[in-house]
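In my numbering, the protein residues as written are 17 to 126. C-beta atoms are modelled at their ideal positions from N, C-alpha and C, and glycine is treated no differently. From a predicted model like this one, the values you see are computed outputs, not experimental measurements.
Structural data, given as structure tokens:
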């Protein structure tokens, strides 16, 4: 019956999914940039190298996605630490409450 006092599992799951989605996006953009340099995945008419501007924009997007993923990972870590400390605190409070109850019970009815 002891329930862990972590943050809502749904929140953690959502954050993990968001992180994975962002990472997948970053990887996808990275492969797009790499393919673009080789001239693959383009119609023969537009085999030319992508413009510097397009490459720069894609790299910015990748960088932003990576930064967002790092930020999310850090937030998840800090929330996990906070949950653990709250759990410890609740355990110590429960313990002291039990002690107080026992002490009162020993005194007997007054």
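(1) Following the continuous alpha helix (DSSP H) through residue 101, name the residue where it begins and the one where it ends.
(2) Alpha carbon to alpha carbon, how far is residue 94 from residue 69? Give it in angstroms, no decimals.
(3) Can you tell me which of the three DSSP states residue 48 falls into?
(4) Under three-state DSSP, which class holds residue 37?
(5) Closest by CA to residue 86, which one among 48, 100, 123, 32?
(6) Check whether the stretch 34-52 and the stretch 96-106 touch, using three or more Cβ-Cβ pairs below 8 Å as the test.
(7) Could you say which of 108, 117, 89 lies nearest to residue 30 if we only look at CA atoms?
(8) By the three-class DSSP mapping on this structure, what secondary structure does residue 29 have?
(9) Would you be able to state if there are at least three C-beta pairs under 8 Å between the stretch 102-112 and the stretch 40-47?
Considering the structure as presented:
(1) For residue 101, the enclosing alpha helix (DSSP H) has its first and last residue at 68-123.
(2) Going by the C-alpha atoms only, they are around 37 Å apart.
(3) In the structure shown, residue 48 falls within a helical segment according to DSSP collapsed to helix, strand and coil.
(4) In the three-state DSSP reduction, residue 37 falls in the helix class (H, G or I).
(5) Of the candidates 48, 100, 123, 32, the residue whose Cα lies closest to the Cα of residue 86 is 32.
(6) Not touching, per the Cβ criterion.
(7) Closest option to residue 30, judged by alpha-carbon separation, among 108, 117, 89: 89.
(8) Looking at residue 29 - three-state DSSP - the assignment turns out to be helix.
(9) The stretch 40-47 vs the stretch 102-112: no contact.
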